[in-house]
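Scroll down for the structure; my scribbles are underneath it.
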Amino acid sequence: MENEQCSTQYHITGDSAMRNRKTCQAPTPQSPDKNPIEDEHLTEDDSQQANGRYYRRRSSNSDESKSRGFFVLLAGLAFSTRLYKIKEPPHICWDETHFGKMGSYYINRTFFFDVHPPLGKMLIGLAGYMSGYDGTFHFTKPGDKYEHHNYWGMRGFCAVLGSFLPIFAYLIVMELSHSQTAALIAAGLILFDTGCITISQYILLDPILLFFIMAATLSMVKFNGEKDRPYSSSWWFWMLLTGVSLAGALGVKFVGIFIIILVGLNTISDLWRLLGDLDLSVMDVGKHLLARILGLILLPLFLYMTIFAVHFVVLNKSGTGDGFFSSAFQSRLIGNNLYNTSMPEYLAYGSTLTLKNLRISGGYLHSHVHLYPDGIGAKQQQITAYLHKDYNNVWVIHRHNDTNSQSGAPDLVRHGDVVRLEHKETKRNLHSHLHAAPLSGKHYQVTGYGTNYTGDVNDIWRVEVCGGQKGDPVKVLRSKVRFLHKALGCVLFSSGKTLPKWGWEQVEVTCTPYLKETLSSQWNIEDHVNAKLPNISLSGLKPHFLEILMESHVVMISGNSGLKPKDNDMNSKPWHWPINYQGLRFSGVNETEYRVYLLGNPVVWWLNLATLGLYVILAVVANIAFQRGFSVEQRRRDHCLVLMRGGGFLLLGWVLHYVPFYTMTRVLYYHHYFPAMLFSSMLTGITIDFLLNMADLLFHPPYCEWLQIAGKMVLLVIVLYSFYLFHPLAYGMTGPLSEEPGSSMARLNWLESWEF
5 MENEQCSTQY HITGDSAMRN RKTCQAPTPQ SPDKNPIEDE HLTEDDSQQA NGRYYRRRSS
65 NSDESKSRGF FVLLAGLAFS TRLYKIKEPP HICWDETHFG KMGSYYINRT FFFDVHPPLG
125 KMLIGLAGYM SGYDGTFHFT KPGDKYEHHN YWGMRGFCAV LGSFLPIFAY LIVMELSHSQ
185 TAALIAAGLI LFDTGCITIS QYILLDPILL FFIMAATLSM VKFNGEKDRP YSSSWWFWML
245 LTGVSLAGAL GVKFVGIFII ILVGLNTISD LWRLLGDLDL SVMDVGKHLL ARILGLILLP
305 LFLYMTIFAV HFVVLNKSGT GDGFFSSAFQ SRLIGNNLYN TSMPEYLAYG STLTLKNLRI
365 SGGYLHSHVH LYPDGIGAKQ QQITAYLHKD YNNVWVIHRH NDTNSQSGAP DLVRHGDVVR
425 LEHKETKRNL HSHLHAAPLS GKHYQVTGYG TNYTGDVNDI WRVEVCGGQK GDPVKVLRSK
485 VRFLHKALGC VLFSSGKTLP KWGWEQVEVT CTPYLKETLS SQWNIEDHVN AKLPNISLSG
545 LKPHFLEILM ESHVVMISGN SGLKPKDNDM NSKPWHWPIN YQGLRFSGVN ETEYRVYLLG
605 NPVVWWLNLA TLGLYVILAV VANIAFQRGF SVEQRRRDHC LVLMRGGGFL LLGWVLHYVP
665 FYTMTRVLYY HHYFPAMLFS SMLTGITIDF LLNMADLLFH PPYCEWLQIA GKMVLLVIVL
725 YSFYLFHPLA YGMTGPLSEE PGSSMARLNW LESWEF
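Residue 5 is where the sequence shown starts when you use our numbering, and the numbers rise one by one after that.
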């Protein structure tokens with residue numbers, strides 16, 4: 005026929021036999037570099053079959069109406085499933101005790117310490133304030149009842165953000181595949197996942213983090229879709245929104261860095277493509293580079309720093325987090341003993357003082373009446389480092405041979421002096437001997453020994469001012485001081501290791517034989533009282549913004565890496581997560597309590613896991629087929645490109661949000677997998693849609709169409725039915741436990757590791 009292009013193609017029939025057939029198609033002009041899946045926004049219904057030949061048509065108005073109807077239904081289900089029973093249970097569940105309390109701190113403007121950046125807690129506090137919560141609830145421990153306190157606003161805020169996750173998934177997959185089936189499958193898996201519902205319904209950082217991760221992903225794929233319209237208003241909008249979302253993700257938790265890496269890799273790939281476009285000059289490529297630096301680096305950095313600026317301005321009152329930070333940092337907090345205060349400039353004998361270790365989270369030198377247990381060195385009084393201000397942090401400094409240093413005129417403590425430190429509360433001397441330290445075996449144990457000015461030679465220490473010379477006085481706050489044990493030649497040291505429960509989980513203090521100057525062996529005098537010395541103002545010690553920003557990050561990163569599992573903690577290993585091996589108890593342990601258990605819908609999670617392996621196989625086969633130059637119809641070529649490009653992007657997102665946890669030494673929990681779970685669910689949508697569209701490789705029409713419909717219906721039924729079975733995990737349950745007769749969860753303990 006005239007104006008037709010003919011080619012020989014291979015077609016797989018229902019009996020898997022290969023036969024040649026001649027297919028003629030009208031040629032359509034198309035740029036060889038343009039992705040064919042981006043030409044039209046087509047649904048799978050747009051691919052029509054007639055006499056073995058395929059053609060495409062534009063979406064009709066009825067298709068658009070159907071699409072809008074599905075989207076409205078999805079949004080309605082998302083919000084209703086997340087907001088349902090939002091007030092239940094009316095008591096603290098799991099980490100609400102932390103993040104609800106931190107929201108209260110913002111309302112009360114009280115400084116605190118947390119290992120995560122502040123945005124999530126700030127938003128929780130703002131939601132509570134806007135909904136009428138007054139910040140007076142103590143959030144002491146899980147199980148405490150909220151009573152008359154208004155907590156629903158903070159829970160509702162998190163639930164609303166969690167409601168956007170299936171909506172974002174739908175839009176992302178729709179943008180990547182232009183398939184409504186793929187988008188609905190991805191959104192449905194997230195919509196009916198019990199784990200996603202549970203983690204969205206409580207006062208936690210996770211729904212806020214997941215919101216920003218998905219918002220950044222959606223903005224990025226939308227921005228990619230605007231590549232043929234650079235510098236248009238929509239191009240700028242989606243790029244800048246990507247930058248805003250990146251700042252939001254990192255501002256909630258440091259694991260937001262993974263979505264930044266994903267966007268960064270996408271940007272590098274995009275710039276590399278532009279560099280290879282010979283229609284663009286080097287100047288044009290440079291403009292694209294500058295635009296991305298502005299929108300994806302400078303804007304997120306500015307917003308991230310702004311988050312901390314607001315954080316420091318709001319939290320201007322002294323609180324529980326003071327002790328984690330330097331003395332200079334504390335001097336800016338209203339109510340702190342260092343705020344706009346004055347004290348003697350130089351240390352003198354007879355002064356009462358506190359010693360703060362310069363190591364991040366090194367703590368204050370501390371003692372208490374408790375003894376080291378049997379088998380831990382000498383059974384003498386414990387010496388630890390404590391991260392909070394406490395009357396047991398107070399010491400008195402004496403000359404080593406003085407019984408009453410407070411008589412007569414004050415005499416300054418100087419570099420090289422030999423001293424004795426007496427614990428004010430218990431009258432014990434700071435002491436070390438040849439016994440091994442509790443945790444740091446090559447160090448010596450430090451104890452409290454003697455009483456009422458009596459002790460022995462192992463109570464004697466020599467003062468050294470770092471960088472000082474003999475005779476230099478010890479300055480309060482500004483001098484870095486070391487204490488060398490006179491008899492053993494070791495140095496007073498905060499190891500940073502957490503003692504067991506017998507040590508009240510405080511920080512180990514040792515005497516280290518390694519004399520190299522480190523922050524762990526350096527101390528500064530913070531509180532200082534001596535009525536015989538004149539006072540000076542400490543107002544000049546206040547640090548500027550960049551100093552406190554840097555210090556806060558060092559403290560957060562150090563605290564995050566130092567998180568270790570506690571007894572009976574529901575910590576888990578990364579390999580547990582994809583297989584849904586073990587959940588996490590949010591509330592209740594017996595039949596009389598309201599029980600909530602974080603566990604993913606097993607059908608959804610195991611389907612995602614199976615699809616990950618299946619996707620790799622399909623993608624490898626498709627790539628080999630393209631590499632070998634197999635001739636395929638344009639429709640199937642489009643589906644393969646969606647699988648490789650869109651699916652490959654989602655697989656990369658899953659890898660970046662999952663694999664790095666194998667390298668982390670901190671304590672890990674089941675909920676850390678949820679960002680990766682979202683990418684896995686979206687990948688499942690694209691993979692299953694690809695398989696359904698390949699049904700005609702096995703069956704002729706109309707059987708292939710029946711198979712597609714049957715496949716969709718079976719998937720919908722099993723997901724809905726599994727949600728029906730396991731929904732009590734998310735919304736709460738009472739009565740008999742699962743192993744007891746009459747339980748609503750009877751016979752649903754499919755894995756012995758599930759504990760509901």
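Heads up, the beta-carbon is just placed ideally off N, CA and C, and yes, glycines get one too.
Predicted, not measured: the structure shown is a model, and the values here were computed from it.
### Query
If we ignore side chains and look at the alpha-carbon of each, how far apart do G493 and V400 end up?
22 Å
#### Entry: Whole alpha helix (DSSP H) elements within the region 593-648, 4-residue minimum
606-631 and 638-645
### Message
Can you check which of these residues, R336, K321 and L81, is closest to K549 by C-alpha distance?
### Response
Sequence inspection shows Phe at residue 549; the Lys mentioned does not correspond to that position. F549 has its Cα closest to that of R336, out of R336, K321 and L81.
### Task
Mind checking who S436 pairs with in its DSSP beta bridge?
V450
### Query
Do the region 122-136 and the region 101-108 meet, that is, are 3 or more Cβ pairs less than 8 Å apart?
yes
### Query
Is it buried or exposed for T596, if we count other Cβ within 10 angstroms and need 16 for buried?
exposed
### Query
For the candidate residues H580, S483, Q526 and K479, whose alpha-carbon lies nearest to that of N539?
K479
### Query
Should N534 and S331 be called a contact, given that it needs their Cβ atoms to be closer than 8 Å?
no
### Message
Distance check for L169 and W754, CA to CA, integer angstroms please.
### Response
27 Å
#### Entry: Through-space distance from V620 to Y674, alpha-carbon basis
25 Å
### Task
Kindly identify the DSSP beta-bridge partner or partners of Q385.
L375 and G452
### Cα-Cα separation, Y368 to L266
41 Å
### Query
Beta-carbon separation of V723 and F74 under 8 Å?
no
### Exposure label - G247; buried when at least 16 CB within 10 Å
buried
### Query
Where do the N-terminal and C-terminal ends of the alpha helix (DSSP H) with F227 fall, by residue?
D210 to G229
### Query
Going straight from the alpha carbon of P547 to that of N340, what length do you get?
15 Å
### Task
Give the C-beta separation of H435 and N397 to the nearest angstrom, bearing in mind that I take them to be a contact with Cβ-Cβ under 8 Å.
In fact, because the Cβ distance is near 17 Å, the residues do not count as touching under 8 Å.
### Query
Counting along the chain, where does the beta strand (DSSP E) carrying I401 start and finish?
W399 to R403
#### Entry: Minimum length 3: unbroken beta strand (DSSP E) runs contained in the region 314-385
346-348, 356-361 and 368-375
### Task
Can you give me the start and stop residues for the beta strand (DSSP E) that T761 sits inside?
Not covered by the structure: residue 761. The range shown for the chain is 5 to 760.
### Task
Starting from the C-beta of G471, find all residues in its chain whose C-beta is less than 8 Å away, skip the five residues before and the five after it, and write them out in chain order.
K484
### Task
Might you give, ordered along the chain, the residues of its own chain that have their beta carbon closer than 7 Å to the beta carbon of D148, omitting 5 neighbours on each side?
H95 and I96
### Task
Note down the Cα distance separating S371 from E429, rounded to an integer number of angstroms.
9 Å
### Query
Would you call the CB atoms of I212 and L165 closer than 8 Å?
yes
#### Entry: Distance, N564 Cα to W98 Cα
19 Å
### Message
So, at 6 Å on beta carbons, what are the nonlocal neighbours of A79 in its own chain, with the 5 sequence-adjacent residues on each side left out?
### Response
I171
### Task
Have a look at M309 and P121 and give me their C-alpha separation to the nearest angstrom.
11 Å
### Task
Answer with buried or exposed for T455, where buried requires no fewer than 16 other C-beta atoms within 10 angstroms of its C-beta.
exposed
### Message
Suppose the cutoff is 7 Å on Cβ atoms and the five residues either side in sequence are ignored; what does the same chain contact list for Y395 look like?
### Response
E429
### Query
What residue from R486, T198, M126 and S249 has the CA that sits closest to L300's CA?
S249
#### Entry: Helix, strand or coil at Y206 according to DSSP, with G and I counted as helix
coil
#### Entry: CA-to-CA distance, P582 to G617, given in whole angstroms
12 Å
### Message
Our contact map puts L254 next to P414 with C-beta atoms below 8 Å; I'd like the distance itself, whole angstroms only.
### Response
Contact flag wrong, Cβ pair sits at about 51 Å.
### Query
Given A190, which residues of its chain have a CB within under 6 Å of its CB, disregarding the five upstream and five downstream residues?
A173, V177, S685, M686 and G689
### Task
Under 7 Å Cβ to Cβ from V225, same chain only, skipping five residues before and after it: list those, please.
I176, E179 and L180
### Query
Grouping DSSP H, G and I as helix and E and B as strand, with all else coil, what is A750?
coil
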